[in-house]
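Undergrad:
Chains as they are written, first to last, in this note's numbering: chain A, 10 to 121; chain B, 13 to 123.
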């Protein structure tokens, strides 16, 4: 079954404790991206990657890092989480930025 | 940062009503316009991706049109059903690979 898998689904952490949210896709897609969703603001792109070892900043990259060492995986790293990074995060993959995106199940992160 | 706007923000309709929403986006350096359907507690799912001016796409009772010259797209739902209740998102891909989403239109269909 074609899917995008994010882990964990829910996470409560403390300010400053490094965390990684994993994202994996099994469709051999070249393009992967991370979004955060906040009430009243819609989905905002954090980072995207057009292929292995190629990553670019989206609209709201501050406080986040990503890596794309293999085509299927695109982890989101928060080196020093802060409460303003409390949000619902989605990973997505597609063939390009101009083709339909397949979204993961979402990760609800709370930073206290 | 691109400005992608959707209206209305929310909409309540009766079962059987037809309805439509608007998405406006920058027309310069346009590549593609996406529509997604997002049900509560689920992930967004793609409805349409359109690239050409004048494109019209249809999936069952849902259809969409695209005007790239003036920078707008309409999503139509014919004969709304309670299961159509969801947030409908549009997203624009301009001059590159960034995808910018609008704030969404939340549709509630009353039985």
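Heads up, the beta-carbon is just placed ideally off N, CA and C, and yes, glycines get one too.
Quick one: which chain A residues come within Cβ less than 8 Å of residue 84 of chain B?
TA: Ordered by position in chain A, no residue passes the 8 Å Cβ test against residue 84 of chain B, which lies about 17 Å from the chain.
Undergrad: Taking 8 Å as the threshold, find out whether the segment 87 to 100 of chain A comes into contact with the segment 16 to 26 of chain A through three or more Cβ pairs.
TA: yes
Undergrad: Using a Cβ-Cβ distance cut-off of 8 Å, determine whether residue 98 of chain B contacts chain A.
TA: Closer than 8 Å: no.
Undergrad: If you run the structure through DSSP and keep just helix, strand and coil, what is residue 39 of chain A?
TA: Of the three classes helix, strand and coil, the one that applies to residue 39 of chain A here is coil, per DSSP.
Undergrad: Residues bridged to residue 53 of chain A by DSSP?
TA: DSSP, once it has assigned bridges, lists A:45 as partnering residue 53 of chain A.
Undergrad: Under a CB-based cut-off of 8 Å, is residue 111 of chain B close to chain A?
TA: yes
Undergrad: On the three-state DSSP scale, how would you describe residue 95 of chain B?
TA: helix
Undergrad: Measure how close the beta-carbons of residue 59 of chain B and residue 74 of chain B come, nearest whole angstrom, since I'm counting them as under 8 Å.
TA: 6 Å
Undergrad: Alpha carbon to alpha carbon, how far is residue 52 of chain A from residue 68 of chain A? Give it in angstroms, no decimals.
TA: 10 Å
Undergrad: Taking 7 Å as the line, does the beta carbon of residue 12 of chain A fall inside it for any heavy atom of the ligand ADP?
TA: Ligands in the displayed structure: none, and consequently the ligand ADP is not present.
Undergrad: Can you give me, in chain order, the residues of the segment 53 to 70 of chain A that have a beta carbon less than 8 Å from any beta carbon in chain B?
TA: 53, 54, 57, 59, 65, 67 and 68
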